[in-house]
Amino acid sequence: MANSTSTHRSTLAVRALALLFIPAITTVAHASNNDVVLYASKAPVRAGTWRVVADSTAAGGHAIANPDMGAPTVTAPLAQPTNYFQLTFPAYSGTAYRLWIRGKSPGNSLNNDSVFVQFSDSVTSSGSAIDRIGTSSGMTVILQSCTSSRVRGWGWTDNGWCGLGANVVFKNTGSHTIRIQVRQDGLSIDQIVLSPQTYISTAPGKTFNDTTILAANLPVLTSTSTAQVNVRVNPSSGAAPLSILFTPTVKLASGYVTGYYWNFGDGQTSTTTLPSHVYQSAGNYTAKLTVTDSTGGQTSASALVSVSGNGSFSDTFSSGNLDPSKWLASNGFAPGTISGVNYGSFVPSNVDLSKGMLCLKLQQQQGSSGVLSIGGELQSLTTYGYGTYDDWVMRASSTSSTPTGAGTVVSGQISAGFSFVNNSQTEIDFEIEGQNPTTVWMTNWISTSQKQYSSVFLASPDANFHHYKFIWVPGRIDYYIDGKLVSTHTSNIPSAPAYIMINHWGTNSTGWGGQATIGVQRYLYVSSFTYTPYQ
873 MANSTSTHRS TLAVRALALL FIPAITTVAH ASNNDVVLYA SKAPVRAGTW
923 RVVADSTAAG GHAIANPDMG APTVTAPLAQ PTNYFQLTFP AYSGTAYRLW
973 IRGKSPGNSL NNDSVFVQFS DSVTSSGSAI DRIGTSSGMT VILQSCTSSR
1023 VRGWGWTDNG WCGLGANVVF KNTGSHTIRI QVRQDGLSID QIVLSPQTYI
1073 STAPGKTFND TTILAANLPV LTSTSTAQVN VRVNPSSGAA PLSILFTPTV
1123 KLASGYVTGY YWNFGDGQTS TTTLPSHVYQ SAGNYTAKLT VTDSTGGQTS
1173 ASALVSVSGN GSFSDTFSSG NLDPSKWLAS NGFAPGTISG VNYGSFVPSN
1223 VDLSKGMLCL KLQQQQGSSG VLSIGGELQS LTTYGYGTYD DWVMRASSTS
1273 STPTGAGTVV SGQISAGFSF VNNSQTEIDF EIEGQNPTTV WMTNWISTSQ
1323 KQYSSVFLAS PDANFHHYKF IWVPGRIDYY IDGKLVSTHT SNIPSAPAYI
1373 MINHWGTNST GWGGQATIGV QRYLYVSSFT YTPYQ
């Protein structure tokens, strides 16, 4: 006997389609009002070789059938199938439904039938999309795993109910679509049942030689809810960026909560029970929670959040000392480390304010097992969100030991001003590398693999001070150099507040930054920095 297709996340046990055609008296049964009972022959959408056939043993006297192709042509759910049928039905969100299918295969079927089932709105118990139409994920019915079945010429005959081992849950209350694909091996189907209670563990009829026909039924959905919902926020006000913890209180006369949906009023949402959310900009926001219960009913409650502006932040670095209320000199690992090749670090002694502005130094030395690149970095004590970053009136790395003195650029270093938090959850950069000193790179990230970047030519950034600025707003970053807009990014735009960083670090690579220049001290200068929050 041919092998069945591979199962989905679990083997979905099927109870049989068996026995020979034996005349029997039809049993008419009635499901409960909440059960979905579909007659497959009524499917409004049929594609490929599916056809309606007369069958006196089928529900409504008809079934929908697929011809015996002799060999499988579909061995897994397809995202864009050409051979399928589908129906629509009403169902509640957050309610577990058990799916049952009644059908039969011809006695001369050469291969075992497998049915693939997909839905328009199905989710896991935690709310993640699964088994969706338009994807290659689907529930799988493996007929070869039937028990109590009787083989007739390498196939199964007579009606039997197939019960899927996993329950189906839907994200929203309302109309849903079920799509059926098959291995094109002679299967016919007459009834499909989705039951939230009546048949949650017991089949509607026999697993083989079945004569049960259920009356077709589409439930009438109600949205009444007995829930009492309140929302508590902590804190309820403060300066941007403001982190808020939301706590719901839900009381139900009966049933249970099946879903939480939070709308924070600033375009962001969440489906977690106890969300924490950061408001980046000043304003008054209405945060709304909608709770769905096990009947499909929904109840909402709201809370007001007041966010004030964080105010402008600036520094001219002219006092001769680092302002400890604003900045921290980094002490630890630096980027650019390659085992056995280059070992990067930052030390506070390479952050110098004795020259009337910020100076970040970099030295590269030959170590016993690679180059030692020792640089300097400054980072803000506070995270900052959307706004205008008049960062970095900056002279990029050179050998000049004074801000206005002559110097040259050498290979093996990066000059950078940027925002950064949580392993590039937010990262927005201006970067200039030693081996390509007339190219300014502009990059934004939302993870270590999701970014957008661009570059622009700039003559002698190592010999002169230039004004680097970006304006960061929801969905967009505009980059400016010397007051001129040079690039606009609209992809992978971060939203989380981040630390402001200025750094000067070493490389030893034929690629990014270039190969190390041993024994030559370099200097990066910044004369001022200003941040203005987005309003």
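Take the position in the sequence shown, starting the count at 1, then add 872; the result is the number in this note's numbering. We treat Cβ as the ideally placed atom computed from N, Cα and C, and that holds for glycine.
With DSSP collapsed to three states, give me the class of asparagine 1308.
If DSSP states are grouped into helix, strand and coil, asparagine 1308 belongs with the strands.
Give every residue of the same chain whose Cβ lies closer than 7 Å to the Cβ of phenylalanine 1290, excluding the five residues on either side of it in the sequence, and list them in chain order.
If we look at phenylalanine 1290 and ignore the five residues flanking it on each side, its Cβ neighbours are Glu1299, Ile1300, Asp1301, Phe1302 and Met1373.
With a threshold of 16 other CB atoms inside 10 Å of the CB of histidine 902, please say whether the residue is buried or exposed.
It counts as exposed.
Taking all protein chains shown into account, decide if threonine 1012 is buried (16 or more other Cβ within 10 angstroms of its Cβ) or exposed.
Its Cβ being crowded by 16 or more others within 10 Å, threonine 1012 is buried.
Which residues mark the beginning and the end of the beta strand (DSSP E) in which valine 989 is found?
Residues 986-991.
C-alpha distance - valine 1345 paired with cysteine 1231, whole-angstrom precision:
Their backbone Cα atoms lie some 30 Å apart in a straight line.
DSSP on lysine 1160, reduced to helix/strand/coil?
Looking at lysine 1160 - three-state DSSP - the assignment turns out to be strand.
What first and last residue would you give for the beta strand (DSSP E) that runs through valine 1092?
That residue, valine 1092, is in no beta strand (DSSP E); it is neither H nor E in DSSP.
Inspect the CB distances between the segment 1243-1262 and the segment 1276-1283 and report whether three or more fall short of 8 Å.
No contact exists between the segment 1243-1262 and the segment 1276-1283.
Are the segment 1163-1179 and the segment 1188-1201 in contact at 8 Å, needing three or more beta carbon pairs?
Too few Cβ pairs lie closer than 8 Å, so no.
Three-way DSSP call (helix, strand, coil) for proline 1220 in this model
Helix.
Taking serine 1326 as part of the beta strand (DSSP E), name the residues at either end of that continuous run.
Per DSSP, serine 1326 belongs to the beta strand (DSSP E) from 1323-1329.
Option nearest phenylalanine 1154 by Cα separation, candidates Ser1180, Lys1160 and Gly1137:
For the record, residue 1154 in the displayed sequence is alanine; it is not phenylalanine. Measuring from the Cα of alanine 1154, the nearest candidate turns out to be Ser1180.
Between which two residues does the beta strand (DSSP E) carrying isoleucine 1085 extend?
Residues 1084-1086.
Take alanine 1111 as the anchor and find which of Glu1249, Ala951 and Thr1254 has the nearest alpha-carbon.
With distances taken between Cα atoms, alanine 1111 lies closest to Thr1254.
For lysine 1356, does the count of other Cβ atoms within 10 angstroms reach 16, so buried, or fall short, so exposed?
So lysine 1356 ends up on the exposed side.
Would glycine 975 and glycine 1032 be called neighbours here (beta carbons separated by less than 9 Å)?
Their beta carbons are under 9 Å apart, which means glycine 975 touches glycine 1032 by this criterion.
How close, in whole Å, do the beta carbons of valine 987 and valine 1054 come, if the pair is a contact with beta carbons under 8 Å?
In this structure, valine 987 and valine 1054 form a Cβ contact; the two beta carbons are roughly 5 Å apart against a cut-off of 8 Å.
Exposed or buried, threonine 1121, counting other C-beta atoms within 10 Å across all chains shown (16 or more means buried)?
Residue burial annotation: threonine 1121 is exposed, with fewer than 16 other C-beta atoms found within 10 angstroms of its C-beta.
CB arginine 1267 to CB asparagine 1336, shorter than 9 Å?
If you check the CB distance, arginine 1267 and asparagine 1336 come in under 9 Å.
Figure out for me which residue from Thr1404, Ser904, His934 and Val1398 has the closest Cα to the Cα of serine 1190.
Of Thr1404, Ser904, His934 and Val1398, the residue nearest in Cα terms is Val1398.
Helix, strand or coil: how does DSSP classify alanine 912 here?
Looking at alanine 912 - three-state DSSP - the assignment turns out to be helix.
According to DSSP, is alanine 968 part of a helix, a strand, or is it coil?
DSSP places alanine 968 outside both helix and strand once states are collapsed to three, so it counts as coil.
Give the DSSP-derived three-state secondary structure of glycine 1035 in the structure shown.
Shown here, glycine 1035 sits in a strand according to DSSP, grouped into three states.
Give me the Cα-Cα distance between alanine 935 and serine 904, rounded to the nearest whole angstrom.
The straight-line gap from Cα to Cα measures roughly 23 Å.
Between which residues of its own chain and glycine 1006 is the CB-CB distance below 7 Å, once the five residues before and five after are set aside?
Cβ neighbours of glycine 1006 within its own chain (closer than 7 Å, five residues either side excluded): Ala951.
For the beta strand (DSSP E) that lysine 1341 lies in, which residues bound it at each end?
Looking at the DSSP string, the run of the beta strand (DSSP E) that includes lysine 1341 is 1338-1345.
What does the Cβ neighbour count give for glutamine 1387, buried or exposed, with the cut at 16 atoms within 10 Å?
Counting C-beta atoms within 10 angstroms of its own C-beta, glutamine 1387 has 16 or more neighbours from the protein chains shown and is therefore classed as buried.
So if DSSP puts proline 1120 in a beta bridge, which residue, or which two residues, is it bridged to?
DSSP, once it has assigned bridges, lists Val1103 as partnering proline 1120.
Does the distance from the C-beta atom of aspartate 1003 to that of threonine 1049 stay below 9 Å?
Cβ distance not < 9 Å, so aspartate 1003 and threonine 1049 don't count as in contact.
Do the segment 1205-1215 and the segment 1123-1143 make contact, defined as three or more Cβ pairs closer than 8 Å?
Contact between the segment 1205-1215 and the segment 1123-1143 is absent: fewer than 3 CB-CB pairs across the two stretches fall below 8 Å.
Since I believe asparagine 1375 is in contact with glycine 1247 (beta carbons under 8 Å), could you give me their beta-carbon distance rounded to a whole number of angstroms?
With a beta-carbon spacing of about 7 Å, glycine 1247 and asparagine 1375 fall inside the 8 Å limit used to define contacts.
Beta-bridge pairing of leucine 1230 - partner residues as DSSP gives them
DSSP, once it has assigned bridges, lists Val1398 as partnering leucine 1230.
Helix, strand or coil for alanine 1154? Go by DSSP, reduced to three states.
In this structure, DSSP gives alanine 1154 a state outside helix and strand, which the three-state scheme calls coil.
According to DSSP, is threonine 1242 helix, strand or coil?
Here residue 1242 turns out to be glycine, not threonine, going by the sequence shown. Strand, per DSSP.
Excluding the five sequence neighbours on either side, which residues of its own chain have a C-beta within less than 7 Å of the C-beta of alanine 963, listed in chain order?
Spatial neighbours of alanine 963 in its own chain (CB-CB distance under 7 Å, excluding positions within 5 residues in sequence) are listed in chain order as Val908, Tyr969, Phe1042, His1048 and Leu1066.
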